[in-house]
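In what follows, a single structure is set out as structure tokens and then discussed.
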Amino acid sequence: MANQSYVRTEMLGEKPPPSSQVGIFKWVMENLFSSIPNIIMSVLSIWAVYYVLSGFMPWFFQSSWDATSLSGCREHIAQKYGEGVEGACWAVIRERWPQLVFGFYPRELYWRPVAALILLFVAISPILFTSVPRKILLFSMVYPFLGFFLLWGGSIWLPLSAMAGFVIGYFALGMLPKMIGSLGATIAAGVLPIIYWLLISGPVISGLNSIAPIGIESIDSDQMGGFMLSITIGVTGIALSLPIGVLLALGRQSPLLIVKTICVTFIEFIRGVPLITLLFVASVLLNYFLPPGTNFDLVLRVMIMVTFFAAAYMAEVIRGGLAALPKGQYEAADALGLDYWKATRLIIMPQALKISIPNIVSNFIGLFKDTTLVSIVGLLDPMGLSRAILADQNWNGIVWELYAFIAILFWVFTFGMSRYSMYLERKLKTSH
Amino acid sequence: MNEEINREIDRSQMQVSDEVAIQITGMNKWYGAFHVLKDINLTVNRGERIVVCGPSGSGKSTLIRCINRLEVHQEGSIIVDGTELSSDLKNIDKIRSEVGMCFQHFNLFPHLTILENCTLAPIWVRNVPKKEAEETAMHFLEKVKIPEQADKYPGQLSGGQQQRVAIARSLCMKPRIMLFDEPTSALDPEMISEVLDTMIELAEEGMTMICVTHEMGFARKVANRVIFMDAGQIVEENEPEQFFTNPQSERTQLFLSQILGH
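Read top to bottom, the protein sequences are chains P and H.
Residue -17 is where the first sequence starts when you use our numbering, and the numbers rise one by one after that.
Residue 5 is where the second sequence starts when you use our numbering, and the numbers rise one by one after that.
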């Protein structure tokens, strides 16, 4: 019988892989032509891609960029590429570009939305990237009011006064805990600004306006439109729905019965109703609920509804993240003596949000695309404008070019969001 | 014996004082209609090392989780360091910051580095300046012999290392009492001794400890009292030598023969 005892005297080192395991030839053989079904699928796919592109590319490139009507486009293409060639009429985009971007915003004031957009990038940079100096966060806090002022114009005292309400709340949260306890201070921080906005801010604004009427030209919401409107509604919805969603998700799990009931009712009601219905409520019904005489801007009303809608979905997404956290995380936070808000802020939410990133960003993307629904209540977002352009005698009959253009612009934004979410997931990955 | 403890144990600091650290009187707890803890009476003096053992489902984990109110008891009283556990949030937070706890599954915070895990509670609960908290954390990480891992994340450490970090994290709050809830049950055998060593060192420094564990070698050498629980009750309580060599109740004899028999 053979001796079965074996002892390894030295451990083996690593060797480089054989040449058949590296290089492009290996990649092609492995991924495209590894077996008969694989070869058939590869050939079919290549043919399908060719078939689509061979139809699409000539249309896309044998196109006309300067013409003032659809028939002009056709003549131009026939001259350039020969009779019978079907090409895209991009001239419509060129002619209507300002409108598609700014709606009916006064031409001489285009600098205002452009400045608002550039400053938007400045304001969100410290939120998106940790390498940006933290001091810019102060600007991010001021930006919502500045952005509003730039877009809507009017008296400077309105946004300043709205900001003052938040400042009051901030100081209440900072100063009062020593006097009336942290619960009292939290309630005061919620109630005092509301009292200020409802009762004090109106007279203050009109007083200041009569003393020092500082402001820029005011723009009505029916002059706004195009991508400017989509971005304004989308960014507001995205920025507000996340914090509101977090609070709703926490409220839904709260042991306090009334808080819980309010949150569950809100989430289930808003989630159970189509967005279009809510938009109609915003455009038609909401005025009945507001005090008589208040003329609340339609775009603002729509923004509120879109935000509520997104927040209800967001709450459920975050609830999923909370549910995925092991109970031990809550227990460890408790055992170290962290109170509810500290545990939530430092331990629970960072992890729950991290788990939910793909879903949160999906919701953001959905929300951004849903802003096209506002065309139904008469707002002139790109979809609303495209209908107006199609009704124009000159461009009657144009379909593909406009919708393709709108699709590409939306895609650029949503693809950016999707990439950012993947970057964030990679960055926050803390295990192997 | 499950695990050999080879080193000499220094008992010079392991003295039990007369001062009472934890007093549990007539405590009862129910999960719904299920009576999990029945009439528990237990007094732990400062400096005592108590090992709680018993079959699974006997209520031993629930008992120590009641001491920092991760579980709420319905009857009787628990007094920790002179403060009675009631629904008063101030008392609970005070007791929790005095009582450290280690869990079976470590429960480190995976999104924070080892150092941040250790400094979080001192900074946010005790308002210790960040620099000072980091120095304390490094001191305790050295004590559990993993200072070089301070900047890694928990997911990059082995189970034994994670449990030692969890111990260091508790120690950073300078607790007067430590609770251990089966600290070695989720570990591979070769990692158990590194965690037990850390616990022995703590005992040698005079820490008041209550450990739920099945490490009978640890119980025999370190504990000054072993408590055997079954069906939600304390069945037997004795010095380790007596407990292992001369168990009184039938349940204890059966339990010991099962875990020591192979």
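No residue lacks a Cβ here, since even glycine has one placed at the ideal position from N, Cα and C.
Since the structure is predicted, the reported quantities are computational estimates derived from the model, not experimental observations.
- The straight-line gap separating the alpha-carbon atoms of Ser368 of chain P and Leu391 of chain P is approximately 14 Å.
- At least one beta carbon of chain H lies nearer than 8 Å to the beta carbon of Gly310 of chain P.
- Annotation for Glu205 of chain H: the continuous alpha helix (DSSP H) segment containing it runs 193 to 208.
- By the neighbour-count criterion, in which 16 or more other beta carbons inside 10 Å mark a residue as buried, Asn(-15) of chain P falls on the exposed side.
- Rounded to whole angstroms, Leu155 of chain P and Thr353 of chain P show a C-alpha spacing of 35 Å.
- Exclusion of the five residues before and after Ala294 of chain P leaves Ile249, Ile252, Arg253 as the residues of its chain whose Cβ lies within less than 6 Å of its Cβ.
- Lys134 of chain H and Glu152 of chain H have their alpha carbons spaced roughly 19 Å apart.
- Its chain contains Asp234, Phe259 as the residues whose beta carbon lies nearer than 7 Å to that of Pro59 of chain H, once the 5 sequence neighbours on both sides are disregarded; these appear in chain order.
- Each of P:Met161, P:Asp279, P:Leu224 was checked against the Cα of Ser200 of chain P, and the nearest Cα belongs to P:Asp279.
- Lys178 of chain H and Glu102 of chain H have their C-alpha atoms roughly 7 Å apart.
- Secondary structure remark: continuous beta strand (DSSP E) runs of at least 3 residues inside the stretch 88 to 166 of chain H, in chain order: 103 to 106.
- Each residue's CA atom was taken as its position, placing Ser236 of chain P and Thr243 of chain P some 9 Å apart.
- Three or more beta-carbon pairs separated by less than 8 Å are not found between the stretch 14 to 24 of chain H and the stretch 61 to 74 of chain H, which leaves the two stretches without contact.
- Against chain P, a Cβ distance below 7 Å from Trp128 of chain H picks out Leu320, Lys324, Leu328.
- Residue pairing for Val56 of chain H: DSSP places it in a beta bridge opposite H:Val216, H:Ile231.
- If you keep only unbroken alpha helix (DSSP H) runs of at least 4 residues inside the stretch 15 to 89 of chain P, you get 18 to 43, 52 to 63, 73 to 84.
- Taking 8 Å as the cut-off, the Cβ atoms of Val228 of chain P and Ile300 of chain P count as close.
- Burial state of Ala70 of chain P is buried, judged by a 10 Å Cβ sphere holding 16 or more other Cβ atoms.
- Closest option to Gly189 of chain P, judged by alpha-carbon separation, among P:Leu140, P:Met(-7), P:Lys160, P:Pro19: P:Leu140.
- By the rule that beta-carbons nearer than 8 Å mark a contact, Met105 of chain H touches chain P.
- According to the DSSP assignment, Ser344 of chain P belongs to the alpha helix (DSSP H) that extends over 331 to 352.
- The Cβ of Pro332 of chain P sits closer than 8 Å to at least one Cβ of chain H.
- One finds Gly319, Asp321 in chain P with Cβ atoms closer than 7 Å to the Cβ of Asp97 of chain H, taken in chain order.
- Cβ contact annotation for Pro126 of chain H (same chain, cutoff 7 Å, sequence separation greater than five): Val132, Ala137, Thr140, Cys176, Met177, in chain order.
- Not a single CB atom of chain P sits nearer than 8 Å to the CB of His77 of chain H.
- When the alpha-carbon of Gly151 of chain P is set against those of P:Gly166, P:Ser137, P:Ile138, the nearest one is in P:Gly166.
- When Cβ-Cβ separations below 8 Å define contact, Lys336 of chain P makes contact with chain H.
- According to the DSSP secondary-structure assignment, Asp14 of chain H is paired through a beta bridge with no residue.
- In the three-state reduction of the DSSP assignment, Glu245 of chain H falls in the helix class, which pools H, G and I.
- By the C-beta criterion, the stretch 186 to 201 of chain H is judged to be in contact with the stretch 151 to 165 of chain H, since at least 3 inter-stretch pairs fall below 8 Å.
- With respect to chain P, the C-beta atom of Leu145 of chain H has no partner C-beta closer than 8 Å.
- Contact annotation: the stretch 196 to 214 of chain P touches the stretch 86 to 100 of chain P, with at least three C-beta pairs closer than 8 Å.
- In the DSSP annotation of this structure, the continuous segment of the beta strand (DSSP E) that includes Met31 of chain H starts and ends at 24 to 35.
- Taking Trp134 of chain P as the centre and dropping the five residues before and after it, the same chain places the C-beta of Ser200, Ile201 closer than 7 Å to its C-beta, in chain order.
- Contact between Trp377 of chain P and Ser51 of chain P holds: CB atoms are separated by about 7 Å, below the 8 Å threshold.
- The alpha carbon of Ala305 of chain P has as its nearest neighbour, out of P:Gly319, P:Phe290, P:Gln333, P:Val281, the alpha carbon of P:Gln333.
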